[in-house]
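Remarks on the structure that follows.
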Amino acid sequence: MTVLHPTEVAVVDASSTRESASYVDWSAIVAGIIFASAISLLFIAFGAAIGLNFVGFHAREGAPGILIGIAAASWFLWVQVSSLMAGGYLTGRLRRRHFDATEDESDVRDGAHGLIVWAGATVLGAIIAVGGVGAVANMAGSALATATTATSNVAEGSADLIDPNAYFTDQLFRSEQPVAGDTETARGEAARIFAQAALGDGTVPDADRTYLANVVAANTGLTPEESAARVDAVIVAIDGAKQDAVEAARIARNTAIIAAFLLAATTLVSAIGAYWAAQKGGNHRDENTVLTDVFRRF
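Counting from 5, one number per residue, gives the positions in the sequence shown under the working numbering.
Set out below in structure tokens:
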């Protein structure tokens, strides 16, 4: 047994301790990620409950879609930024400060820990979101597999509609006096005429328009003038539906672009907020700040 003399001083090699220690406090980072994720899930569920509470399934009129989108985007922005700031603050407050760091260096390391919390929580949220999308895709795949069996006979019956030469084949066997009563054949031929027009500029040729009027007159008992008016009305309706589809696609594209920019901006603001909050938490740690106005002992 070795006994130290009273005048002897035990010397600790500080350089070896410094080299073996890591500047990254992973326990504080994990705590911040879990805390930020929990707050985010809580407030997203709360916001969803409030939003569903204002949905009336029997109401014909409701809030405009643009207002609903702005409210949802604003809530998501606030939830993401505030939750990551809370996680960054907790990490900065819990991080163990190394003895060899200056005040400025300590602030940088606290902020870096906040950025790691931001990155971890963002990746975790993306994984959860992708998992939810995958579950929906699996459900859709099961429904599609079930529907495939039910629609196999229909697909076989409509093979001529998909045939790119069916329209031109019909032109070979057109008659000046269409057969009355054969509505199935008339429907199929009319569908192919409209499909061929949709592949082009949407215009139905005059010959096809006249032939459709004769077919309608033969199968409905309408006069030639009434049949021609009905054909023109259907062509106008098809063109209107096409324009509506184009407009809906344009709106969907613009909405996706705006949503992507908002998501990127929100993520960037969240990173800045997490960095600042982690530094603030580190300052409160060093100053032994106690938030007595928020947390009181009872």
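Virtual Cβ for every residue (Gly too), placed ideally from N, Cα, C.
Cβ pair residue i, residue j closer than 9 Å
i: glycine 96; j: tryptophan 122; result: no
i: valine 273; j: valine 85; result: yes
i: serine 87; j: phenylalanine 47; result: yes
i: aspartate 114; j: glycine 285; result: yes
i: alanine 199; j: valine 219; result: no
i: threonine 270; j: phenylalanine 80; result: yes
i: serine 31; j: leucine 128; result: no
i: leucine 71; j: alanine 282; result: no
i: arginine 234; j: alanine 217; result: yes
i: tyrosine 279; j: alanine 116; result: yes
i: threonine 214; j: alanine 237; result: no
i: alanine 263; j: alanine 77; result: yes
Exposed unless 16 or more other CB atoms sit within 10 angstroms - verdict on residue i
i: threonine 155; result: Low local confidence applies: a pLDDT of 43 at threonine 155 is under 50, so the model's placement there is unreliable, and no value is given.
i: lysine 246; result: exposed
i: glutamate 303; result: The first residue shown for the chain is 5 and the last is 302, placing residue 303 beyond what the model contains.
i: glycine 135; result: exposed
i: aspartate 210; result: exposed
i: aspartate 212; result: buried
i: isoleucine 261; result: exposed
i: glycine 277; result: buried
i: aspartate 111; result: buried
i: isoleucine 54; result: exposed
i: valine 294; result: exposed
i: alanine 133; result: exposed
i: alanine 221; result: buried
Alpha-carbon spacing of residue i relative to residue j, whole angstroms
i: alanine 201; j: valine 240; result: 12 Å
i: valine 34; j: leucine 45; result: 16 Å
i: alanine 125; j: isoleucine 131; result: 10 Å
i: tyrosine 93; j: aspartate 108; result: 17 Å
i: alanine 75; j: valine 250; result: 27 Å
i: alanine 52; j: glycine 73; result: 13 Å
i: glycine 204; j: arginine 254; result: 20 Å
i: glycine 36; j: alanine 256; result: 36 Å
i: alanine 275; j: serine 41; result: 15 Å
i: glutamate 229; j: asparagine 169; result: 31 Å
i: phenylalanine 265; j: methionine 89; result: 21 Å
i: glycine 244; j: isoleucine 43; result: 47 Å
i: arginine 101; j: arginine 289; result: 9 Å
i: leucine 226; j: glutamate 188; result: 18 Å
i: threonine 207; j: alanine 252; result: 21 Å
i: asparagine 303; j: threonine 224; result: Only positions 5 to 302 of the chain appear in the structure, and residue 303 is not among them; the question remains open.
i: aspartate 164; j: aspartate 248; result: In this prediction, aspartate 164 has a pLDDT of 48, which is less than 50 and means its spatial position is unreliable; what the coordinates show is noted afterwards. Approximately 27 Å between the Cα atoms of the pair.
i: glutamate 291; j: tyrosine 27; result: 20 Å
i: arginine 178; j: isoleucine 242; result: 23 Å
Heavy atom of the ligand NAP within 8 Å of residue i beta-carbon
i: tyrosine 215; result: The model depicted lacks the ligand NAP and carries no ligand whatsoever.
Closer than 9 Å to chain B by CB, residue i
i: valine 240; result: Protein chain content of the structure displayed is limited to a single chain, and chain B is not contained in it.
- Entirely enclosed alpha helix (DSSP H) segments - the region 82-112, minimum 4 residues: As summarised for the region 82-112, there are no continuous alpha helix (DSSP H) elements at least 4 residues long confined to that stretch.
- Of all the alpha helix (DSSP H) runs that stay within the bounds of the region 210-289, which reach a length of 4 or more residues? Taken in chain order, the complete alpha helix (DSSP H) segments of 4 or more residues contained in the region 210-289 are 210-224.
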